[in-house]
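Residues -24 to -1, 1 to 84, numbered by mature numbering (1 follows the signal peptide of the UniProt record, and there is no 0), are exactly what the sequence shown covers, in order.
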Amino acid sequence: MKILSAISASTFPVLLLLGTVVQGNVLKCATGKEFDNRHIGELASQAEYQYNHHSYPLGPDGRICKAHEFDIPLAHTRATISYLVQVCESMEGYRLYEWYNSKWVICE
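The following block contains the structure:
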C-alpha cells in the first residue's frame, strides 16, 4: 500500500505539468469556444491579403496582415459566429479573433 501511495504522489506533479501543456495548446474565445492550435494553424495556411475588409484588426506594426475568415454554426439555430485567423510575420505568429459584440476580439 505504501508503494502505491508513493507512486501516486510522484505522478501528481507530472499530471499537473501535462495539464498545463495541454492548456497551452488551446485558444479560448469570448463566447467560451475553444480551438486547438493545430487546427488554427491549418486555417492560417489559407490566409491571404484582404484589402477590402476595413473591420479587420491591423497587425502589431499597424500594417494590414494576411487573414482568413471562417464561420461556425451555432447549435440548434441558423446563426453563425465569425472567426478570423490573422498572419502577420510568419505562420507561427498567427492570431485568432472572434466577432463578438460587433468587433473583433482576440482569443487567448
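Positions of the beta carbon are idealized from the N, C-alpha and C atoms, including for glycine.
- DSSP places A55 in the coil class of the three-state scheme, outside both helix and strand.
- If you draw a straight line from the Cα of I48 to the Cα of S66, it is about 25 angstroms long.
- V81 and E24 have their C-alpha atoms some 20 angstroms from each other.
- The segment 10 to 76 is shown to contain whole alpha helix (DSSP H) runs of 4 or more residues at 13 to 20, in chain order.
- Approximately 6 angstroms separates the beta-carbon atoms of Y73 and P33; this is inside 8 angstroms, confirming the contact.
- Rounded to the nearest angstrom, the Cβ distance from C64 to F11 is 18 angstroms, too far for a contact under 8 angstroms.
- C-alpha of I40 to C-alpha of A51: approximately 33 angstroms in a straight line.
- The Cβ neighbour count for A55, taken over all protein chains shown within 10 Å, is under 16; the residue is labelled exposed.
- In this structure, the straight-line span from the alpha carbon of V2 to that of L19 is close to 15 angstroms.
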